[in-house]
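So the structure is just underneath, and the comments pick up after that.
Chains as they are written, first to last, in this note's numbering: chain G, 803 to 1105; chain Y, 475 to 798; chain P, 8 to 332.
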């Protein structure tokens, strides 16, 4: 049954990266996800430049403008609040732009740091094996047997609020996923012949670990990474919503949504709705990209 | 002899993302009751797809694009799934290549045997169990009563293949399609199973199609042999005729590369080149790039010629005298 | 087998013990509750008295030993905020949370498995693609925001379902349940759906992946070659094989659902343990937080044990290890 057809031979100038790009582009949905994600990223980076108002500048906020529905005009100069205003009269659109900035920053920073830590620890566990491996993996198992949201809640309750603190909490709940993933791959890769060959050259531990072993363990790590960043952004929003994440001085999307909760029952949906949509678009785009990356990098689905 | 199966001009193709692949192209053959037909070819030659086509087990993106499959004078091509199901396992049975994979690992042997009985016969479970037990005994499994309650992983590979054969024999089918059923087994077990299958077929006058890449297995087992290359049947005839006097250069090359036909100490003879990809087959004979006799005439598809009764060859320059 | 179970039990006990230590230390880092509880005009003496009353004047390791000794006897301290024993407070709230979590899990299974099978069997059909698109959405939707939107649509705009509380309950063996009354059921729907959404997506994807992998297996083709009806092939041969990963993950996810009910309970004012936890965290009510964590640790350990047992029951290859010939 495997004897149906062989794919046409790869062209000579095909590099793994080009092949990856070509395979990735096969899914139009995934491209849309990537484009969407880049758009969100640009909005977050340039938020101060493209926002109609600065939601943190108290001079620009007027209580008379509070709880305006989408499309209402500012009573001073007639500027349009495209997505309405919140309970304090801040422009929702600007709030969302700034909120995206915070959310993406927290998600990316924690994801990156957790990846670095998890990668190093997992690689060491697989490479040295024995007791190092046992101790590290016991710790990972213990950590993973507890739901991330609970661990993060506890940490934040202990640490208090703040951007730095929530990043720490998110690193703590994420590193174990990376560690487990890379250890699994590294255990397989370690036994392959190129590692034998590299060891035969009497290279030092650092060179073996980072020049030879690590690059071959990256694909699954990238897959876990995209999932984890999406997860981190959602978790940060959840924690902020519960009032244990970011302080009100640095409103992330979660906090914006929480602020709208009180107005929801009186039908002022936009205060919670639009920040949620922004959050949703961000996470959907990351997940779409992640899904396709996983399919492309999965050797078992190789067509 | 009564003809059990006649396949005429069968074409089966698969739609892949690189284009349409015709895995079986214009294949015709027949099997009589009690006869054993060996289909020989390397992987990718379309022999497995031929077997699945007969049972109507070609799944999308594949489909049968043309030809007829006459089983006891009824055309199976285009038969609706529910009618086709009544044939499968009941009148046409199949044995697969890898016995490690063909039995469901999470279901007990008796469950799988009994469901096979109940799929076609309305009998009570006690009777069905009795028949399952008898079938295990028939294929030489010791103490079948105890073994019924086992899971597949508790059997060795040879035993599992016996169980699979027992399932194929449950309904005394008129035709069995066996797709390399002994390839994954040890040589000694292979011999036992070959012997028993041959005996069972002759006794019950079951027609058997034995698909294999191994010419020597087919030589010892089959009455007639058909050789496939790149989706086409290139040569068929009685085993003795084809092995002693091959007419297609490919058959000749296959026979020549058998270890027993080589001289000790000399490098093994081989057919130069590689099997072509079915995707970019150009017109003409698919074997011509590897063929010592190829010339301009081979750029066109060679016709099938019938040099003698029961003998067919698809070649523009057949080896007339035969010999390798 | 007995040795295996004994080893698992010992491991579980070790985990519980380790967690008492971690939980105790972790919770003690949370600011001093005395600062919140005493009145602003309290002087130094009054402050010391409060510390003593709460047992916070002892050194940390002594506090831990006292805590451990009491914990073994089921005493996890009194709530600082309302002065009642913490453990009964949590246990009293437990049925509500379990009811919510199990309802969500039930929804995830009865909706997720059929949809996942459909998507796996017909991956290129419109329905299959819609299901997968929906599952990506379900994966990406933040639970708390979906909860708000559910309230907005069903409680505010349509006004068909209640958005807060448990509604009418009935006592079964001394446990109050919402699910058995019509009013209670109406109250349960929104939070349960909210909590289930992510898990439905998860089950869909697991099931679909399992089906896609299983239907290419030889034993499925062989089952068809034996003339079995498509129904039997799918419902017995395919389903039984994919149940192994699905049951494992669903079982392990139960702990996650209980944890995540913190969010749904807060939004829908569902009076379970999760809402109590959030309230206690805000009040720095240490004993209640500790009691919650200890109870959940115990629950997770028990769930993991049950999943292991179920897993071996489903997969004969593990159950009969060593019996192979």
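Where is the CB? At the ideal position from N, CA and C, for every residue including glycine.
Model, not experiment: these values are computed from the prediction.
Please state if the CB of residue j and the CB of residue i are separated by a distance shorter than 8 Å.
i	j	result
residue 1092 of chain G	residue 1029 of chain G	yes
residue 1039 of chain G	residue 898 of chain G	no
residue 465 of chain Y	residue 529 of chain Y	Any answer about residue 465 of chain Y is impossible in this case: the structure gives chain Y only from 475 up to 798.
residue 518 of chain Y	residue 753 of chain Y	no
residue 654 of chain Y	residue 710 of chain Y	no
residue 214 of chain P	residue 120 of chain P	yes
residue 973 of chain G	residue 958 of chain G	no
residue 763 of chain Y	residue 225 of chain P	no
residue 111 of chain P	residue 264 of chain P	yes
residue 546 of chain Y	residue 623 of chain Y	no
residue 243 of chain P	residue 116 of chain P	no
Just checking: is the beta-carbon of residue i within a distance shorter than 8 Å of some beta-carbon in chain P?
i	result
residue 786 of chain G	Since the first residue of chain G shown is 803 and the last is 1105, residue 786 of chain G is not available in this structure.
residue 646 of chain Y	no
residue 949 of chain G	yes
residue 1109 of chain G	Because chain G in this structure spans residues 803 to 1105, residue 1109 of chain G falls outside the shown range and cannot be described.
residue 603 of chain Y	no
residue 481 of chain Y	no
residue 832 of chain G	no
residue 902 of chain G	no
residue 593 of chain Y	yes
residue 706 of chain Y	no
With a CB to CB cut of under 8 Å and the five nearest residues on each side skipped, what residues in its chain are close to residue i?
i	result
residue 7 of chain P	The structure shown does not extend to residue 7 of chain P, since chain P is modelled only from 8 to 332, so the question has no answer here.
residue 1072 of chain G	871, 872, 885, 886, 894 and 1062
residue 240 of chain P	227, 230 and 231
residue 476 of chain Y	506 and 507
Checking contacts by CB at 8 Å: is residue i closer than that to chain Y?
i	result
residue 213 of chain P	no
residue 225 of chain P	yes
residue 194 of chain P	no
residue 317 of chain P	no
residue 238 of chain P	no
residue 154 of chain P	no
Contact defined as beta carbons within less than 8 Å: I believe residue i pairs with residue j. What is the distance between those atoms, to the nearest angstrom?
i	j	result
residue 443 of chain Y	residue 478 of chain Y	Here chain Y comprises residues numbered 475 to 798, so residue 443 of chain Y is not present and cannot be evaluated.
residue 138 of chain P	residue 122 of chain P	5 Å
residue 635 of chain Y	residue 579 of chain Y	Incorrect: roughly 15 Å between the Cβ atoms, too far for contact.
residue 722 of chain Y	residue 699 of chain Y	About 12 Å separates the two Cβ atoms, so there is no contact after all.
What is the DSSP secondary structure of residue i, reduced to helix, strand or coil?
i	result
residue 159 of chain P	helix
residue 778 of chain Y	strand
residue 490 of chain Y	strand
residue 328 of chain P	Summary for residue 328 of chain P: the model assigns pLDDT 47, below 50, so the residue's position carries little reliability; its value from the coordinates is reported in the next sentence. Of the three classes helix, strand and coil, the one that applies to residue 328 of chain P here is coil, per DSSP.
residue 664 of chain Y	helix
residue 810 of chain G	Residue confidence for residue 810 of chain G is low, a pLDDT of 46 falling below 50, so the modelled location carries little weight and cannot support an answer.
residue 220 of chain P	helix
residue 503 of chain Y	strand
residue 282 of chain P	helix
residue 485 of chain Y	strand
residue 686 of chain Y	strand
What residues in its chain sit with their C-beta under 6 Å from that of residue i, if we drop five residues either side in the sequence?
i	result
residue 330 of chain P	Any answer about residue 330 of chain P is weak, because its pLDDT of 37 lies below 50 and its placement is not dependable; what the coordinates show is given next. Counting only Cβ-Cβ distances below 6 Å, and skipping sequence neighbours, we find nothing.
residue 1058 of chain G	897, 901 and 1077
residue 1032 of chain G	1085, 1088 and 1089
residue 126 of chain P	135, 138, 139 and 215
residue 667 of chain Y	656
Please decide whether residue i counts as near chain G, where near means a Cβ-Cβ distance under 8 Å.
i	result
residue 168 of chain P	no
residue 198 of chain P	no
residue 314 of chain P	no
residue 148 of chain P	yes
residue 28 of chain P	no
residue 277 of chain P	no
residue 144 of chain P	yes
Once you ignore the five residues that flank residue i on each side, which residues in its own chain have a CB closer than 7 Å to its CB?
i	result
residue 1018 of chain G	991
residue 758 of chain Y	772, 773, 774 and 775
residue 333 of chain P	Shown here, chain P extends from 8 to 332; a query on residue 333 of chain P therefore has no answer.
residue 255 of chain P	314 and 318
residue 249 of chain P	214, 217, 218 and 221
Would you say the beta carbon of residue i is closer than 7 Å to some non-hydrogen atom of the ligand ADP?
i	result
residue 102 of chain P	Absence of the ligand ADP is noted for the structure shown, with no ligands found whatsoever.
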